[in-house]
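Engineer:
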Amino acid sequence: MGDVTYDLIIIGGGPAGLTAAIYGGRAKLRTLVINKGTVGGLVNTTREIVNYPGYGQISGSDLMKDFKKHADSFGVEFSRDEVVSVNFAQEDKIICTKKGKEYTAKAVIVACGSEPRLLNIPGEKRLQGSGVAYCATCDAEFFEGEDVVVVGSGDQAIEEGMYITKFARKVTVIVLHDEGVLDCNKISAERAFQNEKMEFVWNSTIEEVLGEANVEGVKIKNLKTGRSTKLPCQGVFFFVGMIPSTHFIKESGIGMDRSGYIPVNDLMETDLEGVYAVGDNRVKYLRQVVSAAGDGATAAVAAERYIEELNAFSTSVLKSDKKVLLLFFNALNNESLEFSTLLEEANQELSEPYKVVKVDTATKKNLAQKYDVKIVPSVVVLDRGQEIKRLDYSMEKEKLNAQLR
1 MGDVTYDLII
11 IGGGPAGLTA
21 AIYGGRAKLR
31 TLVINKGTVG
41 GLVNTTREIV
51 NYPGYGQISG
61 SDLMKDFKKH
71 ADSFGVEFSR
81 DEVVSVNFAQ
91 EDKIICTKKG
101 KEYTAKAVIV
111 ACGSEPRLLN
121 IPGEKRLQGS
131 GVAYCATCDA
141 EFFEGEDVVV
151 VGSGDQAIEE
161 GMYITKFARK
171 VTVIVLHDEG
181 VLDCNKISAE
191 RAFQNEKMEF
201 VWNSTIEEVL
211 GEANVEGVKI
221 KNLKTGRSTK
231 LPCQGVFFFV
241 GMIPSTHFIK
251 ESGIGMDRSG
261 YIPVNDLMET
271 DLEGVYAVGD
281 NRVKYLRQVV
291 SAAGDGATAA
301 VAAERYIEEL
311 NAFSTSVLKS
321 DKKVLLLFFN
331 ALNNESLEFS
341 TLLEEANQEL
351 SEPYKVVKVD
361 TATKKNLAQK
371 YDVKIVPSVV
381 VLDRGQEIKR
391 LDYSMEKEKL
401 NAQLR
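The opening residue of the sequence shown carries number 1 in full-length UniProt numbering; numbering runs sequentially from there.
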């Protein structure tokens with residue numbers, strides 16, 4: 001067991017994680033949020049949110065403060081730390097952090113979000129913090145009266161680029177597409193084209209960030225002509241997409257797509273029992289605060305019911321005064337269903353019947369693994385939680401009766 005045991009641990013404190021925490025705390029689950037940075041995540045860098053229901057207009061940081069305050073009101077615990085490894089193979093999930101802490105939880109919600117994608121071109125990493133940036137609301141003010149380059153043409157690139165024009169002398173946007181074609185929404189595109197401080201370089205990409213101690217310019221390649229040119233500037237903002245921050249769980253057994261996003265079902269369940277994924281690190285269509293909050297609510301309710309099932313199993317099986325027939329079966333398999341009926345009939349004919357508890361291995365994989373059940377139907381006989389024997393499979397009632405007596 002770890003240093004501290006919780007009902008629910010949430011990895012990540014963005015809008016999805018905070019919403020899950022609110023629901024977990026309200027359900028009276030002992031809930032911990034582990035977040036490596038400021039609670040709120042990337043939403044804190046959003047200067048203005050105008051599409052979150054009920055708020056009209058609010059900054060990302062202020063909205064996240066309200067989320068955090070709400071979670072605090074339900075007794076949710078927070079730890080500013082970084083998760084470096086996990087073990088989800090057992091019923092008790094183990095989480096290890098950079099500060100050397102080890103936690104266990106009955107259920108885990110992965111809400112670690114995403115981070116800016118790097119182009120990994122020459123000069124980019126070397127000049128990070130010295131003119132290379134990824135967050136306009138964090139760094140735009142440092143470029144007062146200077147020339148700035150923005151790489152990208154999606155909503156984030158164009159909207160952040162317009163924000164930078166409040167400080168910079170000029171903002172040059174490097175766009176892959178033909179003239180007039182941007183990937184952002186139409187309203188933002190129209191505003192950008194009307195912004196006198198914004199210029200566009202079309203059909204182009206950036207090859208290198210130039211400069212010794214600080215950014216001094218960029219090398220731009222025209223994709224149609226193949227010609228490279230140098231553009232002097234003092235800052236470069238990259239907005240070329242996001243990647244999920246799921247590197248620390250790559251060896252956990254959780255299924256991921258090629259990009260590292262986690263597929264889930266309607267309950268936000270991953271392919272590991274008791275582990276859920278929500279927000280920007282899961283496969284989804286819309287990555288917004290409102291959809292992240294919905295994910296968090298769904299996962300927390302699903303986790304609560306999962307934990308209730310675990311507790312019920314402990315009470316009805318492990319602490320049962322009667323001997324238990326733990327029947328592992330597959331509800332979609334006719335042979336399993338027929339054996340289940342036969343076992344119950346044989347049990348009822350005993351003078352002191354066992355307590356029969358059915359476990360569908362399709363949904364209770366952890367239990368099957370815990371009892372090393374590889375073939376169904378299979379019956380484990382328990383006495384006060386301890387295995388005393390296993391029944392040999394038979395469709396003959398007399399043979400079952402003989403084993404039960």
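Cβ coordinates follow ideal geometry from the N, Cα and C atoms, glycine included.
Hey, would you say Ala21 sits closer than 8 Å to Thr5, going by beta carbons?
Structural biologist: no
Engineer: Pick out the complete alpha helix (DSSP H) segments inside the region 178 to 204, 4 residues or longer, and give them in chain order.
Structural biologist: 186 to 194
Engineer: In terms of residues, what are the limits of the alpha helix (DSSP H) holding Arg80?
Structural biologist: No alpha helix (DSSP H) holds Arg80; the beta strand (DSSP E) holding it covers 77 to 80.
Engineer: Quick check on DSSP: helix, strand or coil for Tyr103?
Structural biologist: strand
Engineer: Which one or two residues does DSSP pair with Met242 in a beta bridge?
Structural biologist: Pro116
Engineer: Considering only the beta carbon of each residue, do Leu342 and Lys389 sit closer than 8 Å?
Structural biologist: Remark: C-beta atoms of Leu342 and Lys389 do not approach each other more closely than 8 Å.
Engineer: Using 8 Å as the threshold, is the C-beta distance between Ile11 and Val108 below it?
Structural biologist: yes
Engineer: On a Cα-Cα basis, can you pick out the residue from Glu308, Lys370, Arg227, Ala346 that is closest to Phe328?
Structural biologist: Lys370
Engineer: Confirm, please, whether the CB-CB distance from Gln128 to Phe239 is below 8 Å.
Structural biologist: no
Engineer: Along the alpha helix (DSSP H) that carries Cys138, what are the first and last residues, could you check?
Structural biologist: 136 to 139
Engineer: What does a CB cutoff of less than 7 Å around Ser394 pick up in its chain, not counting 5 residues either side in sequence?
Structural biologist: Leu400
Engineer: In angstroms, rounded to a whole number, what distance separates the CA positions of Val50 and Gln57?
Structural biologist: 4 Å
Engineer: Would you say Glu141 and Phe237 are within 8 Å of each other, going by their C-beta atoms?
Structural biologist: Taking 8 Å as the Cβ cut-off, Glu141 and Phe237 do not qualify as a contacting pair.
Engineer: For Ser314, tell me which candidate among Ile206, Arg384, Ile243, Pro53 has the shortest Cα-Cα distance.
Structural biologist: Arg384
Engineer: So, under 8 Å CB-CB, Lys224 and Asn195 are touching, yes? Tell me the CB distance rounded to an integer number of Å.
Structural biologist: Their Cβ separation, rounded to whole angstroms, is 25 Å, which puts Lys224 and Asn195 out of contact at 8 Å.
Engineer: Between Cys96, Arg282, Glu82, which lies nearest to Met256 when the distance is taken from Cα to Cα?
Structural biologist: Considering only alpha carbons, the answer is Arg282.
Engineer: Starting from the Cα of Gly154, find the closest Cα among Cys184, Arg169, Ala136, Lys166 and give me that residue.
Structural biologist: Cys184
Engineer: Leaving aside the five residues before and after Ser378 along the sequence, list all residues of the same chain whose C-beta is less than 6 Å from its C-beta, in chain order.
Structural biologist: If the five residues before and after Ser378 are omitted, its C-beta is found closer than 6 Å to the C-beta atoms of Phe328, all from its own chain and listed in chain order.
Engineer: Is the beta carbon of Thr172 less than 8 Å from the beta carbon of Leu231?
Structural biologist: yes
Engineer: Please report the Cβ distance between Ile206 and Ile121, rounded to the nearest whole angstrom; I am assuming they are in contact, meaning their Cβ atoms lie under 8 Å.
Structural biologist: 6 Å
Engineer: Please identify the residue among Leu382, Gln386, Asp392 whose C-alpha is closest to the C-alpha of Val376.
Structural biologist: Asp392
Engineer: For the pair the region 58 to 69 and the region 29 to 46, tell me if three or more CB-CB distances fall below 8 Å.
Structural biologist: yes
Engineer: Of all the alpha helix (DSSP H) runs that stay within the bounds of the region 265 to 338, which reach a length of 4 or more residues?
Structural biologist: Fully enclosed alpha helix (DSSP H) runs of no fewer than 4 residues occupy 289 to 313 of the region 265 to 338, in order along the chain.
Engineer: Whose C-beta lies closer than 6 Å to the C-beta of Gly296 among residues of the same chain, with five residues either side of it excluded?
Structural biologist: Contacts found: Ala16, Thr19, Ala20, Val278.
Engineer: From which residue to which residue does the beta strand (DSSP E) around Leu8 run?
Structural biologist: Segment 4 to 11, the beta strand (DSSP E) holding Leu8.
Engineer: Return the CA-CA distance between Lys106 and Asp81, expressed in angstroms with no decimal places.
Structural biologist: 20 Å
Engineer: Please list, in chain order, all residues of the same chain as Gly75 whose beta carbon is under 7 Å from its beta carbon, the five residues on each side excluded.
Structural biologist: Gly25
Engineer: Check this for me: beta carbons of Glu102 and Ile243, under 8 Å apart or not?
Structural biologist: Going by C-beta atoms, Glu102 is not nearer than 8 Å to Ile243.
Engineer: Pop quiz: Gly235 and Gly123 are said to be a contact at Cβ under 8 Å. What is the actual Cβ separation, rounded to whole angstroms?
Structural biologist: So it is not a contact: roughly 13 Å between Cβ atoms.
Engineer: Just to confirm my understanding: we take Pro53, look at its own chain, exclude 5 residues before and 5 after, and list those with CB closer than 6 Å. What are they?
Structural biologist: none
Engineer: With 16 other CB atoms within 10 Å as the buried threshold, where does Ala293 fall?
Structural biologist: buried
Engineer: What does a CB cutoff of less than 6 Å around Ala331 pick up in its chain, not counting 5 residues either side in sequence?
Structural biologist: Asp360
Engineer: For Lys177, which option in Val201, Ile262, Glu190 has the closest C-alpha, if you only look at C-alpha atoms?
Structural biologist: Correcting the residue identity first, residue 177 is His in this sequence and not Lys. Selected option, being the one with the closest Cα: Val201.
Engineer: Can you tell me which of His247, Glu216, Ile187, Glu273 puts its alpha carbon nearest to the alpha carbon of Lys365?
Structural biologist: Glu273
Engineer: Per the DSSP calculation, Leu391 is bridged to which residue(s)?
Structural biologist: Val379
Engineer: Leaving out the 5 sequence neighbours to the left and right, which residues in its chain are closer than 7 Å to Gly131 when beta-carbon positions are compared?
Structural biologist: Apart from sequence neighbours up to five positions away, the residues of its chain that approach Gly131 with a beta-carbon distance below 7 Å are Gly211, Asn214, Val215, Gln234, Gly235, Val236, ordered along the chain.
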